[in-house]
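Sequence order for the protein chains is C and L.
Note that the working numbering has the first sequence beginning at 37, numbered continuously upward.
Note that the working numbering has the second sequence beginning at 779, numbered continuously upward.
Contents: one structure, followed by commentary.
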Amino acid sequence: MQITVQAKSGELTFDCGQHESILYAGLRQGVPLPFECATGTCGTCRARVMAGDIDVQWKQAPGAARLKPDKGDILMCQTRARSDCVVRVPSELAIADAARPAARRGIIRAIRRLTKDVAHFDLHLSAPMSFQAGQFVVIEAAGVAGGRAYSMVNFAADCERLELLIKRKPGGRFGDWLFDELQGEPAVQVFGPLGRAVFRPAEDRNIACIAGGSGIAGMMAILDHAVQADHFRSHAGALYFGVRTLADAFYLEQLSRYVAASHGNLDVVIALSDEAAATPLHAAFPLLKLASGMVHAVAASEMAARDRDVLTYVAGPPVMVDSTIRSLIAGGAAIKDIRYDKFG
Amino acid sequence: MAWKRICEATEVAENSVKKFEVDGVPILVVNYGAGFRAIPPICPHMEEPLEESGVVARCVLTCTKHLWAWNLQTLEMQGETERPLKTYDIKHENGVILADIDGELTYDFDSEDDMDDDFFK
Ligand SMILES: Cc1cc2nc3c(=O)[nH]c(=O)nc-3n(C[C@H](O)[C@H](O)[C@H](O)COP(=O)(O)OP(=O)(O)OC[C@H]3O[C@@H](n4cnc5c(N)ncnc54)[C@H](O)[C@@H]3O)c2cc1C
Ligand code: FES
Ligand code: FES
Chain C
37 MQITVQAKSG ELTFDCGQHE SILYAGLRQG VPLPFECATG TCGTCRARVM AGDIDVQWKQ
97 APGAARLKPD KGDILMCQTR ARSDCVVRVP SELAIADAAR PAARRGIIRA IRRLTKDVAH
157 FDLHLSAPMS FQAGQFVVIE AAGVAGGRAY SMVNFAADCE RLELLIKRKP GGRFGDWLFD
217 ELQGEPAVQV FGPLGRAVFR PAEDRNIACI AGGSGIAGMM AILDHAVQAD HFRSHAGALY
277 FGVRTLADAF YLEQLSRYVA ASHGNLDVVI ALSDEAAATP LHAAFPLLKL ASGMVHAVAA
337 SEMAARDRDV LTYVAGPPVM VDSTIRSLIA GGAAIKDIRY DKFG
Chain L
779 MAWKRICEAT EVAENSVKKF EVDGVPILVV NYGAGFRAIP PICPHMEEPL EESGVVARCV
839 LTCTKHLWAW NLQTLEMQGE TERPLKTYDI KHENGVILAD IDGELTYDFD SEDDMDDDFF
899 K
């Protein structure tokens, strides 16, 4: 089937298979359709169907709340084509810069619990994937309706093994499946890489990473890449990692290694929202600092005392990302210096 | 021309926004330090309430949802912003802010004639 997209900047046509969303079909062919979450929550991929038959997969998607279905409004990430279609997109179609995402198969292996509600797992891909630090993939498992986005923790080129992190959400379908029901090494569908909140050493910037809970996943990839590129020899870095209590923090050994390799230029602060930090430094990992408070507030006050010329990455639950962006902008940050992923 | 009183200038703190209703028309007053603006209270991107998602700093209004932003002095769009902000004309007299309100300003998310090109506006 053929999809014709009408945008402010002109018209484009691409192929769409029966079993893929209009969004994924366009993205894998290099059509830069607007999107953020790729999983039905944010509403960024909204479009209006002008002609053709469609099939909406997830009718209750939160991202569709403000759409007018009677006028043909859809979320492209939740809609498949049943015939040739013409759709309108209310934005410019900027030129795609990143590598094109593609569909692959994957096998979930080596699930390791890190805390009571966090697990790290590997995804072995049917074909290697190149991705940038900070990107994510969407995983579809048989028996769990819809896709779930997870950010890569590791960073490597041409990589067959993705390392991912999941923080269980109470009552969440994918989390329940992965923690309780999964047996053996199940095969899943994988689409990616996706996401624009990426780190490139060549941009030559000081960086700050602000993560709420599982938002740490992509930050680990960013720090991994930065350390591999010896970025901290000549640039400052900071990571603010928000968790409830010290018992909820993880990756501490890895983070200590990054600090040790940073020529004294990487600061890692664990912000505890629900308990007071007993000591300024972590007792077992003294390269890591502790602070009390919500991570956006801890980051804002520490960053106010530092160099303003910094590119800031933010990831975590939507409310955490919104409050962080608010304090960054109120603190004088420019929008071009903020990159974010909202996890939901 | 219908100049209507919205609020006292002191009711809206510097670098903040506050929502008012004048004859049934919802209006967001923005104090950006060097001046005031009166605008519809929703973001022209995806209709988020700017009362919650708007931040004002350095003469720029930013929506925290997807970082659309406008310079409040020149109304120039910043970064990847794709739609201009609509504004009511205002006057600032004796500490009172008045706006020229001749019906509610809206963005065409779903106007009846958007089968033409309004969807893009
Ligand atoms: C860009 C991005 C990156 C993310 N990275 C991470 C990460 O690294 N680690 C992490 O733990 N979490 C991450 N998340 C959140 C993650 O994708 C899941 O939302 C979370 O794990 C909860 O999933 P769940 O199935 O347990 O909860 P549920 O409440 O069952 O589902 C949550 C999400 O799944 C999708 N969904 C639910 N039902 C349907 C349906 N019927 N049809 C289609 N879609 C449906 C929706 O996107 C929904 O928001 C990320 C999210 C985004 C958007
Ligand atoms: S990209 Fe489709 S709803 Fe977020
Ligand atoms: S809703 Fe305001 S920027 Fe998207």
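Here a beta-carbon is modelled for each residue, glycine too, at the ideal position from N, C-alpha and C.
All figures in this text were calculated on a predicted structure; none of them were measured in a lab.
Taking C-beta atoms as the reference points, V173 of chain C and P98 of chain C fail to come closer than 8 Å. Flagged as an interface residue toward chain C: Q856 of chain L, by a C-beta distance shorter than 8 Å.
A distance below 6 Å between beta-carbons, with the five flanking residues on each side excluded, links L198 of chain C to the following residues of its chain, in chain order: L159, M188. Exclusion of the five residues before and after A265 of chain C leaves P237 as the residues of its chain whose Cβ lies within less than 6 Å of its Cβ. Applying a distance threshold of 7 Å between residue Cβ atoms and the heavy atoms of ligand 2 selects C:L59, C:F71, C:E72, C:C73, C:A74, C:T75, C:G76, C:T77, C:C78, C:G79, C:T80, C:C81, C:A97, C:G99, C:L111, C:M112, C:C113, C:Q114, given in chain order. In the pairwise beta carbon analysis, the region 781 to 791 of chain L is classified as not touching the region 364 to 373 of chain C: fewer than three pairs are separated by under 8 Å.
For R136 of chain C and M165 of chain C, the gap between their C-alpha atoms comes out near 10 Å. Chain L has no Cβ within less than 8 Å of the Cβ of G249 of chain C. Considering only beta carbons, no part of the region 289 to 318 of chain C lies closer than 8 Å to chain L. Inside the region 245 to 331 of chain C, DSSP marks whole beta strand (DSSP E) runs of 3 or more residues at positions 273 to 279, 302 to 308, 325 to 328, from first to last along the chain.
At least 8 Å separates the beta-carbon of I820 of chain L from that of A877 of chain L. For A272 of chain C, the distance from the CB to the nearest heavy atom of ligand 1 is not below 7 Å. The three-state secondary structure of M37 of chain C, taken from DSSP, is coil. Under the 10 Å beta carbon count, Q54 of chain C is surrounded by fewer than 16 other beta carbons and is classified as exposed.
Here the C-alpha atom of P105 of chain C lies approximately 21 Å from the C-alpha atom of P827 of chain L. Out of C:Q114, C:K325, C:V226, C:G249, the CA that lies nearest to the CA of V350 of chain C is found in C:G249. Nearest Cα to E338 of chain C within the set C:I202, C:I306, C:R148, C:T115: C:I306. Taking 7 Å as the cut-off, one finds no heavy atom of ligand 3 near enough to the beta carbon of E858 of chain L. Remark: C-beta atoms of H332 of chain C and I246 of chain C approach each other more closely than 8 Å. In the structure shown, E176 of chain C falls within a strand segment according to DSSP collapsed to helix, strand and coil. Counting only Cβ-Cβ distances below 9 Å, R149 of chain C has no contacts in chain L at all, with the closest Cβ about 34 Å away. With contact defined as three or more Cβ pairs closer than 8 Å, the region 68 to 88 of chain C and the region 123 to 130 of chain C are in contact.
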